[in-house]
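See structure below.
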Amino acid sequence: MFRRKQAPPAFVRGCTVYFAPGHDTVLVAALFNHGGLFAEQPDGVARCATGDVPALGAAARAALAACRYEPAFDYRDRKRTDWPAFRASGCRSVREFEQLYVPFGIRGANEANLAYVIESPPYGACAVSLTATTDAHGEDARLGERIACLWREYRRVSGD
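Be aware that the sequence shown starts at 0, since it is given in numbering that gives the first Met the number 0, and climbs by one per residue.
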């Protein structure tokens, strides 16, 4: 008879920021959230200059806003070379991309997405990661500075 519309499920937003030591370009990839599993959106990779902190924050915020919930997914027919960030990088092989670029994950702290957690990849013998948090509604420059600061610290402590 009368049915209420189902509200879209609350979900954690996420994006991935790829840095490459010695390169002047950062890649920012928007993600799908598949019930807690993340995958890059095919046309969701943006580029910005490594030194442009406000642009980095704006690109990350745009990628987080573009994150969508997709309940069903099937990647069986995909190849590694279909990886959106790899394609945007201009690298000749996936292996070269994985050796050159360092991925930093940015995720909502919970389904309310009021704060974002930025995390470096694990490094060292104990697989330690660096993390930073920031409010989700702050200025782009503040988000960009947190991401850039984490990248500088990661390079300092990991030896990259």
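For glycine and all other residues, C-beta sits at the position ideal for the given N, C-alpha and C.
By alpha-carbon positions, which one of the options ends up nearest to residue i?
i, options, result
"ALA111", "ALA38, ALA58, LEU63", "LEU63"
"TYR122", "CYS90, GLU152, GLY13", "GLU152"
"ARG155", "ASP139, ASP134, LEU129, GLU144", "LEU129"
"ILE146", "ALA9, ASN32, GLY50, VAL11", "GLY50"
"CYS14", "PRO120, GLY43, ASP76, ARG75", "GLY43"
"ALA140", "ALA87, TYR17, CYS47, ALA57", "ALA57"
"ALA9", "LEU30, SER88, ARG67", "ARG67"
"ILE117", "ALA135, ALA124, SER92", "ALA135"
State the Cα-Cα distance for the pair residue i and residue j, rounded to the nearest angstrom.
i, j, result
"ASP149", "ALA131", "A small correction: the amino acid at residue 149 is Leu; Asp does not occupy that position in the sequence shown. Answer to the nearest angstrom: the Cα atoms are 7 Å apart."
"ALA45", "GLY35", "23 Å"
"ASP69", "ALA38", "Per the sequence shown, the amino acid found at residue 69 is Glu instead of Asp. If you take the alpha carbons of GLU69 and ALA38, they lie about 10 Å apart."
"TYR100", "THR133", "23 Å"
"ALA126", "ARG91", "29 Å"
"THR80", "LEU26", "16 Å"
"GLY137", "TYR115", "11 Å"
"ALA29", "PHE103", "12 Å"
"GLN40", "ALA84", "9 Å"
"ARG106", "ARG12", "6 Å"
Between which two residues does the beta strand (DSSP E) holding residue i run?
i, result
"ASP139", "Counting along the chain, ASP139 falls outside any beta strand (DSSP E), though it belongs to the alpha helix (DSSP H) covering 139-157."
"VAL44", "36-48"
"ARG12", "Premise fails: ARG12 is in no beta strand (DSSP E) and is neither H nor E."
"HIS33", "24-33"
Does the ligand ADP have a heavy atom nearer than 6 Å to the CB of residue i?
i, result
"PRO70", "The ligand ADP is absent from the structure shown, which contains no ligand whatsoever."
Original post:
Quick one: complete alpha helix (DSSP H) runs, 4+ long, within the stretch 57-97?
Top reply: 83-88
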